[in-house]
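Numbering (the numbering used here), first residue to last: 7 to 290.
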C-alpha cells in the first residue's frame, strides 16, 4: 500500500503521461536550480538525462506498470503491514537502481563543478530547509499534529475518494503514537545534505579519475538508501514499520466503493504510463 502513496505523489501535477514525457526537462530544471550549470555543462546534463529517460522507458517502465497492475489487484482486498512493507522495500530498491544508473553518466559533469557552484548548492539547500521548517515545524505540537493528519488525509482522498469522518479520526488518533520527530528528521536531513556537499566536493577534486568519482557517487547513493550508522538506520526502520501499519489499517477500513475508486485511479495511472512509453518509443 505504500506504493499507492508514491503514486499519489507522482500524479499530483496533472497526469503521469504529461509528467513522464517531460521528465528529463523537469529533472534538468530541478538540478540546475541547485547546481547552476554553466554553458559547457548544460548540454552534457541534458543529454545524460535524455539518455537516462530512454533507458528507464525501455528497461524500467514496463516493470513500473506491472507493479501498478499488481496494486490494482491488491486494492480490492485487505492488506497486512508485512505486505505494505514489502511494497516499501520494492520502491526503495527501484529508487536505488534509478540513482545508480544515473551516477555513471553524471560523474564527469559533477566532477567539473567549481567552488562557486558548490556554494550555490549549499545556499539552495539552506533555503529548502527554511521552507521545510515552515511546513513541518510551524506552531505548537497540536498544530503540527493537525497539519500532519491533514496531509495524510489529502493523500487518502486522492486515492480513495473522500474518506469519511471515522476514517479521518482514525488517522488523527493513530498519528499521536507516531515515532516521527520533525526536529530529529531535520537533523538527519541536514546531515544527508552535508554528506552530499562533501561527496560532490570530493568528486570535483583535481586529479580524480572517472572510477574514483563513480565510486564516491555510488557510495553516497547507498548511504542515502541505507544509512551507515545504526541509530539512524534503526530510527528509519521504526518509522517504516509505523507507516506500514498505518497504511494497512487505513486500507482495511475503506469501503468497497473506496477500494473501487482506488483501483480505477491506479488503472488510470497505468494507462498514462503505457501511453507515455508508446509515445516515446514512436519518437525514437
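Quick reminder that beta carbons are idealized off the backbone N, C-alpha and C, glycines included.
Cβ contact annotation for residue 104 (same chain, cutoff 6 Å, sequence separation greater than five): none. Boundaries of the alpha helix (DSSP H) around residue 87: 87–117. In the displayed model, residue 44 falls within coil according to three-state DSSP, outside both helix and strand.
In this structure, DSSP gives residue 235 a state outside helix and strand, which the three-state scheme calls coil. Residue environment for residue 262: exposed (fewer than 16 other C-beta atoms within 10 angstroms of its C-beta). Residue environment: residue 136 is assigned as exposed (fewer than 16 neighbouring CB atoms within 10 Å of its CB, all protein chains considered).
Non-local C-beta neighbours of residue 52 in its own chain, meaning closer than 6 Å and more than five positions away in sequence, comprise 34, ordered along the chain. Following the DSSP letters along the chain, one finds residue 160 inside the alpha helix (DSSP H) bounded by residues 147–166.
In this structure, residue 275 sits away from residue 195, with a CB-CB distance that is not shorter than 9 Å. About 7 Å separates the CB atoms of residue 107 and residue 58; that is less than 8 Å, so the two are in contact. Residue environment analysis places residue 36 among the exposed positions, since fewer than 16 neighbouring C-beta atoms fall within 10 angstroms of its C-beta. The count of Cβ pairs closer than 8 Å, one atom from the region 207–216 and one from the region 186–195, stays below three, leaving the stretches out of contact. Less than 9 Å separates the beta-carbon of residue 27 from that of residue 282.
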